Amino acid sequence: MSQIDLFRILAALALLLAAAHLTGRLFARFRQPPVIGEILGGLLLGPTVLGQLLPEAQHWLFPGKGPAASGLALVSQLGMLLLMFTAGMEMRTVFSRKDGRSVAVIALAGMAVPFVLGLLMVKVIDTGDVLGPAGSVPALTLVIACAIAVTSIPVISRIMLDLGIIRTRFARIVLSVAVLEDIVLNVILSVALGMVAGGKEGGFGLAHTLGVTSANGAAAYHSVASVAFFALMVLAAAALRRRPGAATGAAAADRPAARVALRMAVILAVSASCVFLGVAPMFGAFVVGLLSGMTGKDPRSGSLGNLRGFASGFFIPLYFGLVGFKLDLVHSLDLGFTVGFILVACAAKAASVYAGARLAKRPKPESLDLAVALNARGGPGIVLATVSFDAGIVNASLFTTLVLTAIVTSQIAGWWLERAVARGAFSRDGDGDGDSDGDAGADAGNQDRQPDPLTQPAPPVTAATG
């Protein structure tokens, strides 16, 4: 690597990190999701702003090819893996048997109906206008369906924390439904990414070794591989939990740095295994985080806390900054299609969640609040857009639409719930909504008592952060 390339990488990382943190903190001071500010920071350095004002300087500092571009891409990949790990780690038990029927009905309706609508949407749009270079219409169909059905756990949980309603029964139902939806949709997204991975990587992986070449065969293989991988990881976690010292090792027991290194090695090893198996590496990191959170340890202490803190301060803000950097609102924004997509996505998700809540015999006002809260796509929607764009499933125009959909729906959810609190719809930091299940409510509250890595770096102004 030449000195010029090294300078470009270091300078680009410094500018992106500073811009992401500063704009994220600015958004937090106005009680807006800092993740959106981090994306805006990257947007300012990308082709939308800096590329229009100083195009030569922007292209020199952020070249599209070469070692500097590869270095930024690697940092983005690591940020995405750690983001999915921390998101999975935060999904500790939020379920309560008291809410079982409501959660099951709302999750089924709120996920199945929008997903089916997304499958049908591909039939009525011109796929040539949104299809990426991978040229896979089946993968594109799955991505669009997931984009309409997905819900953001971190963003909506941070919004409810800031509003002081995180310990209510309403919050527990929202988080429980979101956990179920994200697990299922991550499996489906992994299948979509696996369908195009073989051709993009020159036939690397187990599918190539087994001679799976047809489109139908690839879809079946990657579906089985994703489900089998998840099942094997659960079995491995169960085995390790029966051997308390096996997960970390005696040699690392008294060395926090060694435990962080071991956890990072596991994340990278599992993600690399996913690449060979044809499973999306982000799904591997997500499952590792999910199983780490199931151990019952506080994810904000010890090695988990150390790893989470560094990821939240460096890799994750850079990841979202690079998401904003990739947006080109001058050349890639199809305003009419974007507005139409957002309207269809919001209507499908909100109507299906509302119908599910009413079937679960939830009151009309609460059903409406659930419909708006679960419509927020936030971080998972942005991750979906990024990985599908990097895999060549979607083009720049649809990538821009998916990111803007995640941003707009998160803003709407925050605005709506803030007004719901103002009219007295919830009880703040108590057993509100008639919830007598204090322990379960406390568990949900403890889960999000600290700022979420998706909404770092700045603490909220109006809520306790610790």
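So the mapping is simple: the working numbering equals the position in the sequence shown, first residue as 1, plus 3. Note that the Cβ used here is the ideal one computed from N, Cα and C, for glycine as well. Predicted model only: the values in this text are computed from it and were never measured.
Segment limits, alpha helix (DSSP H) that includes residue i
i      : result
Gln6   : 6-32
Pro66  : Neither: Pro66 is in no alpha helix (DSSP H) and is coded neither H nor E.
Phe317 : No alpha helix (DSSP H) holds Phe317; DSSP gives it neither H nor E.
Thr144 : 140-152
Thr212 : 209-212
Phe508 : Nothing can be reported for residue 508: it is not among the residues displayed for the chain, which extend from 4 to 469.
Arg266 : 259-280
Lys367 : 367-376
Val38  : 37-48
Gly54  : 53-56
Residue i (DSSP reduced to helix, strand or coil)
i      : result
Leu338 : helix
Leu86  : helix
Val397 : strand
Leu134 : strand
Leu330 : coil
Gln453 : Here the model assigns Gln453 a pLDDT of 39, short of 50, so the residue's position is not dependable, and the following value carries that caveat. Note: Gln453 maps to coil in three-state DSSP.
Ile128 : coil
Ile186 : helix
Pro463 : Since pLDDT at Pro463 reaches only 38, below the 50 mark, its modelled position is unreliable, and the value read off the structure follows with that caveat. Pro463: coil per DSSP, three-state reduction.
Arg172 : helix
Gly343 : helix
Gly167 : coil
Arg380 : coil
Ser355 : helix
Ser79  : helix
Val194 : helix
Val215 : coil
Ala231 : helix
Ala283 : coil
Ser73  : helix
Ser155 : coil
Lys364 : coil
Asp446 : Note that Asp446 has pLDDT 40, beneath the 50 cutoff, so the model's placement of it is unreliable and no number is given.
Own chain, CB closer than 6 Å to residue i, minus 5 neighbours either side, in chain order
i      : result
Ala283 : Ser193, Leu196
Ala137 : Val199, Gly395, Ile396
Glu204 : Because Glu204 sits at a pLDDT of 48, beneath the cut-off of 50, its placement in the model cannot be relied upon, and the following sentence gives the value as read from the coordinates. Excluding positions up to five away in sequence, the list is empty.
Met87  : Met285, Ala288, Phe289
Ala254 : Note that Ala254 scores a pLDDT of 47, beneath 50, so its modelled location is shaky and nothing firm can be said.
Thr154 : Ala181, Glu184, Leu377
Leu81  : Phe318
Rounded straight-line distance, which links the Cα of residue j to that of residue i
i      : j      : result
Leu85  : Phe318 : 7 Å
Gly220 : Gly121 : 23 Å
Leu13  : Ala354 : 47 Å
Arg431 : Ile159 : Low confidence applies to Arg431: its pLDDT is 47, below 50, so where it sits in the model is not reliable enough to give any reading.
Gly27  : Ser413 : 15 Å
Phe233 : Ala374 : 29 Å
Ala399 : Ala242 : 44 Å
Ile162 : Thr404 : 23 Å
Gly339 : Leu213 : 44 Å
Lys329 : Val356 : 32 Å
Pro37  : Arg311 : 17 Å
Glu41  : Ser229 : 31 Å
Val390 : Val333 : 22 Å
Val227 : Cys277 : 13 Å
Ala72  : Phe429 : 48 Å
Thr51  : Leu336 : 11 Å
Pro383 : Gly91  : 11 Å
Ser295 : Gly324 : 27 Å
Trp418 : His225 : 39 Å
Gly471 : Asp331 : Not covered by the structure: residue 471. The range shown for the chain is 4 to 469.
Gly49  : Gly327 : 7 Å
Neighbourhood of residue i by C-beta distance below 8 Å, restricted to the same chain and skipping five residues each side
i      : result
Thr144 : Gly121, Leu122, Val125
Val187 : Met114
Leu53  : Leu47, Ala60, Gln61
Cys149 : Phe118, Gly121, Leu188, Ile191, Leu192, Ala195, Leu387
Proximity test, residue i beta-carbon vs the ligand MG heavy atom, cut-off 8 Å
i      : result
Gly359 : In terms of ligand content, the structure shown is empty, and the ligand MG therefore cannot be addressed.
Chain-order list of residues whose beta-carbon lies under 7 Å from that of residue i (same chain, five-residue window excluded)
i      : result
Leu401 : Val133
Gln55  : Val333
Leu29  : Gly40
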